[in-house]
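Taking it in order: structure first as structure tokens, then the write-up.
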Amino acid sequence: MMLNIFGRTPRSLQVTLEAAMLDFVGTVAMVAMIVFLVSAVVLALDAPRPAKLVLAAIAGLWAGLCAAAGAAGLLAMTRPFPLIGLFVAAPLIAAGIAAAFPAGRHAMLSLPTSLIVGLNIPRVLGVLFLLLAADGRLAGPFPHSAGWGDIITGAVALPLLLSGAVTRSPLLLGAWNLFGFADLVMAIAFGVTSGQGSPLQLFHDAPGSAAMQALPWAFVPTVLVPIWLILHGIVFAQIRSRSLSPSVRVPG
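Last residue of the sequence shown: 495 (this note's numbering), numbering continuous.
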């Protein structure tokens with residue numbers, strides 16, 4: 244009691260405050276990135292206004308559903324399989340179905356490549372994974388692979404964009420896109436195989452990837468990662484379109 248009078252904070256309270264502050268920063272960052280990504284993509288799509296409104300509404304509902312699942316603890320369910328996997332796969336399946344239709348495929352390919360590259364810059368906030376690991380809330384290979392992979396992807400995106408290599412160098416663009424895509428795939432793989440109690444668990448360093456199953460961090464695998472995977476897929480398709488039909492202009 245006397246120690247508190249003179250302004251010294253108990254260690255347990257300090258740890259709690261640090262965790263709360265990290266969650267606060269994470270919540271602001273996750274929500275801001277979701278709003279930014281969805282808004283930028285919807286505005287840039289070459290699609291009718293009603294279609295854009297429907298897409299925005301679906302994205303909003305999906306984010307709300309993911310938030311509800313995270314708050315209810317559903318994303319932490321690992322038996323008979325990690326339920327969070329369904330939340331990662333659902334947007335990817337939906338994008339694949341949309342791409343099967345000419346209108347949907349045209350809308351996706353209409354996104355400027357430079358915009359897609361720019362939308363990856365916020366991934367430098369992968370530093371938050373490293374902070375979670377330092378705070379003891381993530382362990383194993385997941386936070387370091389996902390954190391440094393995102394930081395590199397986001398950091399390289401800026402000079403790639405400013406140098407004009409997005410439109411002038413398909414090789415550099417393809418290399419960056421492959422790295423960014425592989426980073427997300429590896430993050431999913433390490434996240435699943437680090438999940439405590441998961442039948443797919445390979446890494447047993449507690450707490451593994453447990454923090455990603457609760458808010459605000461659950462927004463990363465359920466909303467942000469699918470968006471970035473879809474955007475990387477679009478860049479792959481745009482590069483392929485340019486190589487097959489050099490005379491066909493793909494938005495830069």
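Glycine included, each C-beta is placed from N, C-alpha and C at the ideal position.
Where does the unbroken alpha helix (DSSP H) through residue i begin, and where does it stop?
i, result
"T396", "385-405"
"V466", "Element bounds for V466: n/a, residue is neither H nor E."
"T356", "356-361"
"M429", "413-436"
"G328", "327-342"
"H447", "Run containing H447: none; DSSP gives neither H nor E here."
"I301", "292-314"
"R348", "345-352"
"V370", "370-377"
Using a threshold of 8 Å, state whether the C-beta atoms of residue i and residue j are closer than that.
i, j, result
"V468", "C309", "no"
"V463", "M273", "yes"
"L427", "V435", "no"
"I482", "V331", "no"
"A408", "G313", "no"
"G397", "I364", "yes"
"G538", "I394", "The shown model of the chain, from 244 to 495, leaves out residue 538, and the question about it has no answer."
"I473", "L280", "no"
"L371", "G269", "yes"
"T323", "S441", "This sequence places Pro at residue 323; Thr is not what is there. No, the pair does not count as a contact, with Cβ atoms beyond the cut-off."
"A377", "H387", "no"
"A389", "F433", "yes"
"L354", "V284", "yes"
Review point. Do the segment 380-396 and the segment 439-453 touch if we need at least three Cβ pairs shorter than 8 Å?
Key: yes
Point to revise | Given 8 Å, three or more beta-carbon pairs between the segment 290-310 and the segment 410-427 | key: no
Point to revise | Segment contact, 8 Å Cβ cut-off, at least three pairs: the segment 477-487 with the segment 317-337 | key: no
Review point. Is there contact between the segment 359-369 and the segment 395-408, where contact requires at least three CB pairs shorter than 8 Å?
Key: yes
Check your understanding: Is the segment 338-353 touching the segment 288-295, taking contact as three or more C-beta pairs under 8 Å?
Key -> yes
**Study point:** Any 3 or more C-beta pairs closer than 8 Å across the segment 316-324 and the segment 297-304
**Key:** no
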